[in-house]
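Q: Shown below is the structure under consideration.
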Amino acid sequence: MTLISGFLAANVRDFKQTNSSPRPTEQLLHADLISVQPGFSLYQLSEEFPAVVPYKVEEITIPADVTPERVPTHIVDYSEAEQTDEQLDQEISKANVICIVYAVNNRKSLEKVTSHWIPLINERTDKDSRVPLILVGNKSDLVEQSSMENVLHIMNKYTEIETCVECSAKNLKNISEMFYYAQKAVLHPTGPLYCPEGKQMKPACVRALTRIFRISDLDNNSILSDAELNFFQRVCFSSPLAPQALEDVKKVVKKNMPDGVCEDGLTLQGFLFLHSLFIQRGRHETTWAVLRHFGYDNDLELHQDYLFPPLKIPADCSTELNHNASLFLQSVFDKHDKDQDGALNPSELKEVFDVFPYMPWGPDVNNTVCTNDHGWITYQGFISQWMLTTYLDVQRCLEYLGYLGYSIVAEQESQAAAITVTRSKCVDLQQKQTQRCVFLCNVFGSSGSGKSSFLQAFIGRNLNHQKTIRDEHKSHYAINAVHVYGQEKYLLLHEICSDLDFLSESDLCCDVVCLIYDVSDPDSFDYCVRVFMQCFVDSKLPCLMVAMKSDLQEEKQQHDVTPLEFCRTHVVPPPQAYSVNTVTTPSRDVFIKLATMATYPHLRLRCMCTCNRCTFCLCQNFLNSEVLHAVKAKLYTLVFSSKLPCLMVAMKSDLQEEKQQHDVTPLEFCRTHVVPPPQAYSVNTVTTPSRDVFIKLATMATYPHLRLRCMCTCNRCTFCLCQNFLNSEVLHAVKAKLYTLVFSRFSSFFSSSSSSFSSSSSFFSSSSSSSSFFSSSTLFCP
Ligand SMILES: Nc1nc2c(ncn2[C@@H]2O[C@H](COP(=O)(O)OP(=O)(O)OP(=O)(O)O)[C@@H](O)[C@H]2O)c(=O)[nH]1
Ligand SMILES: [Mg+2]
């Protein structure tokens, strides 16, 4: 047995569980000191070397305020003489840091470190979560010279050894340093950050720092500018960097890594280099401070408390993104929409999620929200999808915001600051008003009735567009913004499976119900009746019936009463005819109606009813009445069918005119049918084609009643007389005279110089050019 040999283990037992905040100052260091060298801890604590050293000292806690890292340290002693191997195993399993003590004046005690203690500890600990070790050379008071070089090869061999220190328990030399290193090894371990063999940072550390760089690169130009570095510094260390310090940092990076600085800012390579420099110089607490501020735990995983902060959501309340969070997400969108086309193309979208450990959005998202013509998510779509996640799965939303670094960039306490928990729906109903912005509408309908098509119509897609969507990319949700009396609200449509046996509680839980039937399928309305009677007849939820595929031939529904009668009986608004088979974007009216009903559910009975007594019903009845339809029809006949102004255009007038194969000439036809004479037109022009005919068309559209009076060819009205005059030979003779006069004036003007005259004559020489320049249509346009 050596005189002094053994080990000393400190345990930060509950470190992980109590590490609720990433800030090290709030962490509890619970350290056990186990020592086979009896009395080691006693010297330190009593500051007096006892004459007789006991085998095992009682467990002691050093209070936070006397430890260098300001964390309480619990120390447990271990004695080989007094304790069993089982007790030793137990202490090792609890230990977060172990200090192995040898005597600097005894070579055998140092040998025992590698032959006995390190293998013993390693046997009892997991390879992936090795406890950091501190080599403590005790009794330095007994030797003249340091024996550090003897331990260097051990340090190189065992990467779990954090550091070594020589001390004297007798004269207290380096004792507090030893505790400092022990605490530091727990709070700022090198192991997860750095690979000493490869002399480089570990991949997990590089990944974490890369994410931190991307979050801090607020304008996404791959360079941390001075402003961004200052922001980063302030966020992580609560104080800005002095301008000189900033320059010094960049200088150091540039000197060692020219690529590390670009456009006077730090590149990712520079940022990573800086951190490996910190670690190599034993300043890994700096890197840890950064990592912890960005939510990382000791295993370089984002801490659960960072990703999932506590958030209380009482029953009957919903969750929404608040204004600040929307602004943050807007900045995320803008930052990644590099081509600024208002949409994220696939590579831009991938970049948004580069700071995530996985891709959170699948291709179904592109069919849940608005996209542009390429199918790329627009800004509106981007925000909508976040609204959806917040409403349906707030925990996931918090997690995603954590990956994006919301609490850091927006300088909020936690991700929970992004969420508004709304007031209870019951209170909203009582007060007859709501502050809510997101409303859920469950869409029911028999199989094939058009539910999915209805959802897709909500995000602006007609039937033709919908045919291009692949089955595996379809979504059961669609969300979009709608304006309800001028206020922006989000309506979230959810397609419910048509099998009634599979209806769950949550399928019945929403703000408004949409019941869809197919007008061309006689059995589809019966399904709506069954859903309504089974689930909603007694509920206060507003319901809207939609008569889908209204472009198809309507079939009589196989039910005792018609849909309209059913709606009247059950005080539901009359069925809304709807079709997605449209040329342009399908109508949004029905969605505004659904959102309005969701926002003002208490208004249902008063103004959405079919009671036939209230103003709403009277107006509705009047609008649907046959009298009105008859009047409408008459008006249409009068205004449009017979009096629509028409204009005949004789196109390609630059080409040789052929005789038209018709009984009468176009002009005669126009005269017979009181239509203006054909307008010769050609687009085969040197400059922009003439706009006259369009002005004529616009004039005819604006004043359709003038048609008979002034666009005719009756040869009696003022229009015809003027027209005749303009085409008359007399006028042409006068025109010719005028031309001659004007020309001769120009000739006399240029006659002073015969050479200049010749050039001017060439300018006016071509008769065609002069006639087109002074063309009758330009000069004498009626
Ligand atoms: N003509 C016409 N066809 C429509 C309309 N809406 C949907 N369809 C067609 O009806 C069929 C069924 O539509 P879906 O939207 O898939 O019906 P669904 O209710 O979602 O069907 P399941 O999910 O299977 O229950 C599709 O082939 C659509 O193309 C419409 O307004 N007009
Ligand atoms: Mg469907």
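Residue numbering for the sequence shown follows my numbering, starting at 37 and increasing by one per position.
Built from N, CA and C at the ideal position, the CB exists for glycine as well.
Over what stretch of residues does the alpha helix (DSSP H) that includes Phe-392 continue unbroken?
A: First-last for Phe-392: undefined, no H or E at that position.
Q: Given that a residue counts as buried once 16 or more other Cβ atoms are within 10 Å of its Cβ, and exposed if not, what is His-709?
A: Result: exposed.
Q: Any heavy atom of ligand 2 closer than 8 Å to the Cβ of Ser-488?
A: Yes.
Q: Please name the residue in Asp-390, Val-391 and Gly-378 whose C-alpha comes closest to that of Gly-411.
A: The candidate whose alpha carbon is nearest that of Gly-411 is Gly-378.
Q: Would Val-867 and Thr-632 qualify as a contact pair, given that the criterion is a beta-carbon distance under 9 Å?
A: The question about residue 867 has no answer, for the chain in this structure spans 37 to 818.
Q: Could you check where the beta strand (DSSP E) with Tyr-513 kicks off and where it finishes?
A: Note, Tyr-513: beta strand (DSSP E), 513 to 520.
Q: The alpha helix (DSSP H) that contains Met-684, what's its start and end?
A: First-last for Met-684: undefined, no H or E at that position.
Q: Just checking my contact of Asn-207 with Asp-177 at CB under 8 Å: how many whole Å lie between their CB atoms?
A: The Cβ separation is near 5 Å, so the contact holds.
Q: Would Ser-274 be called buried (16 or more neighbouring beta carbons within 10 Å of its own) or exposed?
A: So Ser-274 ends up on the exposed side.
Q: Who are the near neighbours of Ser-482 in its chain, counting only those whose CB is closer than 6 Å to its CB and skipping five residues on each side?
A: Taken in chain order, the residues that qualify are Ser-534, Ser-560 and Tyr-563.
Q: Please find out if some non-hydrogen atom of ligand 1 comes closer than 8 Å to the beta-carbon of Ser-531.
A: The residue you asked about is not Ser; residue 531 is Glu in the sequence shown. Result yes, Cβ under 8 Å from ligand 1.
Q: Looking only at C-alpha atoms, which of Val-187, Ile-190 and Ser-204 sits nearest to Val-179?
A: Nearest of Val-187, Ile-190 and Ser-204 to Val-179, Cα basis: Ser-204.
Q: Which residues in the same chain have their Cβ closer than 6 Å to the Cβ of Leu-2, if we skip the five residues on either side of it in sequence?
A: In this structure the chain extends from 37 to 818, so residue 2 is not present and cannot be described.
Q: Residues in its own chain within less than 8 Å of Phe-267 by CB, not counting five upstream and five downstream?
A: These residues qualify, in order along the chain: Ser-252 and Leu-254.
Q: Do you know how far the Cα of Ile-134 is from the Cα of Gly-173?
A: Roughly 14 Å separates the two Cα atoms.
Q: Whole angstroms are fine: how far does the CA of Gln-692 sit from the CA of Phe-490?
A: Straight-line Cα distance between these residues: approximately 54 Å.
Q: Using the rule of at least 16 other Cβ atoms within 10 Å of the residue's Cβ for burial, across every protein chain shown, is Tyr-739 buried or exposed?
A: Classification of Tyr-739: exposed, given that the 10 Å Cβ count is below 16.
Q: On the criterion of 16 or more Cβ atoms from any shown chain inside 10 Å, does Asp-101 qualify as buried, or is it exposed?
A: Its Cβ having fewer than 16 others within 10 Å, Asp-101 is exposed.
Q: The beta strand (DSSP E) with Cys-135 in it runs from where to where?
A: Unbroken beta strand (DSSP E) run through Cys-135: 133 to 139.
Q: Along the chain, where does the alpha helix (DSSP H) containing Gln-471 start, and where does it finish?
A: Careful: Gln-471 lies outside any alpha helix (DSSP H) and carries neither H nor E.
Q: Contact between the segment 385 to 393 and the segment 431 to 447 is defined here as three or more beta-carbon pairs at a separation below 8 Å; is this criterion met?
A: Yes, since at least three Cβ pairs between the segment 385 to 393 and the segment 431 to 447 fall closer than 8 Å, the two stretches touch.
Q: Taking its Cβ as the centre, do 16 or more other Cβ atoms sit within 10 Å of Gly-398, making it buried, or is it exposed?
A: When all chains shown are included, Gly-398 counts as exposed.
Q: Taking 8 Å as the cut-off, does the CB of Val-548 come closer than this to any heavy atom belonging to ligand 1?
A: Flag unset: Cβ of Val-548 not near ligand 1.
Q: On a Cα-Cα basis, can you pick out the residue from Asp-547, Phe-572, Met-569 and Val-479 that is closest to Ala-514?
A: Ranking Asp-547, Phe-572, Met-569 and Val-479 by Cα distance to Ala-514 puts Val-479 first.
Q: In whole angstroms, what separates the C-alpha of Ser-485 from that of Cys-406?
A: If you take the alpha carbons of Ser-485 and Cys-406, they lie about 23 Å apart.
Q: Starting from the Cα of Tyr-342, find the closest Cα among Ser-450, Lys-291, Gln-119 and Thr-723 and give me that residue.
A: Measuring from the Cα of Tyr-342, the nearest candidate turns out to be Ser-450.
Q: Cα-Cα, which of Leu-380, Ala-361 and His-359 is closest to Phe-369?
A: Residue Leu-380 is the option with its Cα nearest to Phe-369.
Q: Between which two residues does the beta strand (DSSP E) harbouring Lys-220 extend?
A: Segment 211 to 223 is the alpha helix (DSSP H) holding Lys-220; no beta strand (DSSP E) there.
Q: Give the secondary structure of Val-457 by DSSP, where H, G and I count as helix, E and B as strand, and everything else as coil.
A: Three-state result, Val-457: strand.
Q: Excluding the 5 residues preceding and the 5 following Glu-387 in the sequence, name in chain order all residues of the same chain whose CB lies nearer than 7 Å to its CB.
A: Around Glu-387: His-372.
Q: Would DSSP call Gly-398 helix, strand or coil?
A: Note: Gly-398 maps to coil in three-state DSSP.
Q: Please classify Ile-21: does DSSP put it in a helix, a strand, or coil?
A: Outside the modelled stretch of the chain, which goes from 37 to 818, sits residue 21, for which no answer is possible.
Q: When every heavy atom of ligand 1 is checked, does at least one fall within less than 8 Å of the C-beta of Asn-617?
A: Yes, since a heavy atom of ligand 1 falls inside the 8 Å radius drawn around the Cβ of Asn-617.
Q: Hey, how far is the Cα of Lys-461 from the Cα of Cys-353?
A: Lys-461 and Cys-353: Cα-Cα distance of roughly 6 Å.
Q: Under 9 Å between the Cβ atoms of Ile-259 and Thr-303?
A: Yes, the pair counts as a contact, with Cβ atoms nearer than the cut-off.
Q: Short of 8 Å in beta carbon distance, which residues of its chain neighbour Val-597, apart from the five on each side in sequence? Order them along the chain.
A: Taken in chain order, the residues that qualify are Thr-605.
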